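**Q**
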Amino acid sequence: MRKMGTEPKSIYAFLGDNEFLKEEEQSKVISRYASGTDNPEIVELDGSDSSFQDIETAILSRAMFSQSKIVRIRRVDEMPGERQSRLADVLAELAGDTLVILSAVALDGRGKLMKTLKSLGTVREFRNMYQRDAVQWCRDRAKHYKIRLGPREAELLVELIGTDLSRIDKELEKMSLYLGEPGAVVTKEVVQRVAGSGGDVVIFDLLDAIGCRDANRAVLLLRRLLQAGEPPVKVQFIIGRHVRDLLQVASMSRSGFRQDDIIANLKLHPYRARKLFAQASNFEVKELEALLEQVLSSDLKIKSSELTPGCWLELLVHRACIGTN
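Quick note on numbering: the sequence shown equals residues 189 to 513 in the working numbering.
See below:
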C-alpha cells in the first residue's frame with residue numbers, strides 16, 4: 189500500500205487493481221466515520237453510468253434524514269475527462285458533514301481531479317501482490333480466521349489459486365470452517381482438499397444453496413458430498429455454524445443495528461458479510477432459531493439413530509429450504 193498526500197477531513201480516493209484491499213479499507217473508513225455520527229445517510233453511485241447531476245447533488249446536498257452523509261462513487265476512472273475536472277470543482281465545495289469516497293483503478297496524475305484529491309484529501313493505492321508478498325499475506329490473514337498456516341502451506345495455497353486476495357480469503361474461510369476449531373493447524377492435505385483442483389469443497393456451495401433456499405440444489409450437493417466420503421458429522425457441524433451466523437445477522441438487523449456495526453461486532457469480512465446479509469433476508473428470525481434447534485437434534489440423530497446419517501441430513505437441508513413446519 190502506498191499513501192500519498194496528507195490526512196483529509198472528508199475525502200478519500202482508493203486506487204489500484206487490488207479490489208479486495210480497496211474494499212476492505214473503504215469499509216474501515218466508513219466504519220470509523222459512522223461510529224462518530226448518528227446513522228449517516230449513505231449514497232452509492234457509479235461513475236460509469238450515474239449522471240453528473242446526480243453525483244453533484246449527492247456531494248453538495250445535505251442529508252435528508254441524518255446529520256451526516258457518506259457518498260461512495262465507484263469507477264471514477266470511467267468518467268470522461270471533462271466530468272472528472274468538474275468533479276474536482278465540486279469536491280472543493282464539499283461541506284464538512286459529508287464523507288466522499290472515490291474508487292478507481294487509476295487516475296491521471298497530472299489531471300485536475302488527482303491534484304485536487306492530493307490537496308484536499310487522501311489518496312491510497314492498492315496494487316495486486318507479487319507471489320512472495322501474497323504468501324506472507326496468506327499467513328497473516330489466516331490469523332483473522334483463527335487458523336495456523338505455515339510458510340510451505342501458504343506457498344502451496346498461492347501456487348494453487350494465484351495471488352487474487354479475494355479468492356485467497358475465501359479459501360482461508362473455507363479452511364476455517366472445514367477444520368472447525370480455533371487454533372487448528374492447516375496441513376498440506378487440507379490445502380489440497382479445500383483449494384486443490386479436485387477439491388472445490390462442494391459444502392460451501394451447499395451453504396449458499398441453503399441460504400438461497402434452493403432445496404433441489406441443496407439436496408443434490410449434499411448427496412455429492414456424502415458420496416465423496418465427507419463425514420456426515422462434519423457436514424452437520426458446518427451447516428450449524430452457517431445457520432448460527434445467519435441467525436446472528438438476522439437478529440441484529442431486525443433489532444436496528446447498522447450493517448457496519450454488525451460487520452464490526454461479528455468480525456466479518458465485507459465480502460462474506462454481503463452474502464450473509466442477502467441470505468439472512470430470506471429467513472425470519474424465528475425460522476432460523478427453529479432451524480438451529482433442528483441442527484442440534486440432527487446431531488443427536490446422526491450419532492444414535494438407526495436411520496442413515498444421510499437421511500437425517502437430507503431432512504434437515506430440505507426443512508431449511510422449504511420451512512421448518
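Note that beta-carbon positions come from the ideal geometry of N, C-alpha and C, so glycine has one too.
Values in this document were obtained by computation on a predicted structure and should not be read as measured data.
Taking the straight line between their C-alpha atoms, what separation do you get for K331 and S354?
**A** Taking the first residue of the sequence shown as position 1, residue 331 is located at position 143. Taking the first residue of the sequence shown as position 1, residue 354 is located at position 166. Whole-angstrom Cα-Cα distance: 16 Å.
**Q** Determine the burial state of V437: buried for a count of at least 16 other Cβ atoms within 10 Å of its Cβ, exposed for fewer.
**A** As a working mapping, residue 437 is identified with position 249 in the sequence shown. Label assigned to V437: buried.
**Q** For T225, does the three-state DSSP call read helix, strand or coil?
**A** Working through the sequence shown from its first residue, we reach residue 225 at position 37. Reduced to three states, the DSSP call for T225 is coil.
**Q** Specify, as a first and last residue, the run of the beta strand (DSSP E) that A452 falls within.
**A** Taking the first residue of the sequence shown as 1, we reach residue 452 at position 264. Not the beta strand (DSSP E): A452 falls in the alpha helix (DSSP H), residues 447-454.
**Q** For the pair the region 201-213 and the region 303-311, tell me if three or more CB-CB distances fall below 8 Å.
**A** A contact exists between the region 201-213 and the region 303-311.
**Q** Nearest to E361 by alpha carbon, out of V382, V423, A294, R462?
**A** In the sequence shown, residue 361 corresponds to position 173, counting from 1. Ranking the options by Cα distance to E361, first place goes to V382.
**Q** Relative to the C-alpha of V278, which candidate in L301, S291, D296 has its C-alpha closest?
**A** Taking the sequence shown and counting its residues from 1, one reaches residue 278 at position 90. Ranking the options by Cα distance to V278, first place goes to L301.
**Q** Excluding five sequence neighbours on each side, which residues of the same chain lie with their C-beta closer than 6 Å to the C-beta of D234?
**A** The residue you call residue 234 lines up with position 46 of the sequence shown. Closer than 6 Å at the Cβ level, and outside the excluded window around D234, lie R262, R263.
**Q** Between A322 and the ligand SAM, is there a pair consisting of the residue's CB and a ligand heavy atom that are separated by less than 7 Å?
**A** The ligand SAM is not part of the structure shown, which contains no ligands of any sort.
**Q** Going by the CB atoms, is the gap between S219 and A452 shorter than 8 Å?
**A** By one-based count along the sequence shown, residue 452 stands at place 264. By one-based count along the sequence shown, residue 219 stands at place 31. Result yes, Cβ atoms of A452 and S219 sit closer than 8 Å.
**Q** So, helix, strand or coil for T174, using DSSP?
**A** Since the displayed the chain opens at 189 and closes at 513, residue 174 lies outside it and no answer follows.
**Q** So is Y333 buried or exposed if we call it buried at 16+ other beta carbons inside 10 Å?
**A** Stepping through the sequence shown from its first residue, residue 333 is reached at position 145. That one is buried.
**Q** Taking only the alpha-carbon atoms, compute the straight-line gap between I398 and S273 and give it to the nearest angstrom.
**A** Numbered from 1 along the sequence shown, position 210 holds the residue referred to as residue 398. Numbered from 1 along the sequence shown, position 85 holds the residue referred to as residue 273. The alpha-carbon atoms of I398 and S273 are separated by roughly 47 Å.
**Q** Return the CA-CA distance between A276 and M267, expressed in angstroms with no decimal places.
**A** Your numbering for residue 276 matches position 88 in the sequence shown. Your numbering for residue 267 matches position 79 in the sequence shown. Cα-Cα distance, rounded: 12 Å.
**Q** So does the region 411-429 actually touch the region 356-372, counting three or more Cβ pairs closer than 8 Å?
**A** Yes, the region 411-429 is in contact with the region 356-372.
**Q** Using a Cβ-Cβ cutoff of less than 8 Å, which residues in the same chain neighbour D226 once the five nearest sequence positions on both sides are dropped?
**A** Position 38 of the sequence shown, counted from the start, is the residue given in the question as residue 226. Within the same chain, D226 has close Cβ partners S254, Q255, S256.
**Q** Taking 8 Å as the limit between beta carbons, can you name the residues of its chain near K463, skipping five residues before and five after?
**A** Taking the first residue of the sequence shown as position 1, residue 463 is located at position 275. Counting only Cβ-Cβ distances below 8 Å, and skipping sequence neighbours, we find D396, G399.
**Q** Return helix, strand or coil for G386, following the three-state DSSP convention.
**A** Here residue 386 refers to the residue found at position 198 of the sequence shown. Because G386 sits at a pLDDT of 46, beneath the cut-off of 50, its placement in the model cannot be relied upon, and the following sentence gives the value as read from the coordinates. Of the three classes helix, strand and coil, the one that applies to G386 here is coil, per DSSP.
**Q** Which class does S469 belong to by DSSP, given the choice of helix, strand or coil?
**A** Counting from 1 along the sequence shown, the entry for residue 469 is found at position 281. Of the three classes helix, strand and coil, the one that applies to S469 here is coil, per DSSP.
**Q** Do you know how far the Cα of E281 is from the Cα of A461?
**A** For the purposes of this step, residue 461 is identified with residue 273 of the sequence shown, where counting begins at 1. For the purposes of this step, residue 281 is identified with residue 93 of the sequence shown, where counting begins at 1. The alpha-carbon atoms of A461 and E281 are separated by roughly 34 Å.
**Q** Ignoring anything shorter than 4 residues or poking outside the region 197-266, list the alpha helix (DSSP H) runs there in chain order.
**A** Complete alpha helix (DSSP H) runs here, min 4: 207-223, 240-248.
**Q** Provide the residue(s) that pair with T310 in DSSP beta bridges, ordered along the chain.
**A** Within the sequence shown, the letter at position 122 stands for residue 310. DSSP lists Y200 as partners of T310.
**Q** Determine the burial state of R312: buried for a count of at least 16 other Cβ atoms within 10 Å of its Cβ, exposed for fewer.
**A** Locating residue 312 in the sequence shown gives position 124, counting from the first residue. Looking at its Cβ environment, which holds 16 or more other Cβ atoms inside 10 Å, R312 is buried.
**Q** Within 10 Å of its beta-carbon, does E211 have 16 or more other beta-carbons around it, so buried, or fewer, so exposed?
**A** Position 23 of the sequence shown, counting from 1, holds the residue named residue 211. Flag for E211 reads buried.
**Q** Taking the straight line between their C-alpha atoms, what separation do you get for L479 and Y221?
**A** The residue labelled residue 479 in the question sits at position 291 within the sequence shown. The residue labelled residue 221 in the question sits at position 33 within the sequence shown. If I take the Cα positions, the gap works out to 36 Å.
**Q** Output the boundary residues of the beta strand (DSSP E) element that contains L290.
**A** Within the sequence shown, numbered from 1, the residue matching residue 290 stands at position 102. It spans 286-292 - the beta strand (DSSP E) in which L290 sits, taken as one unbroken run.
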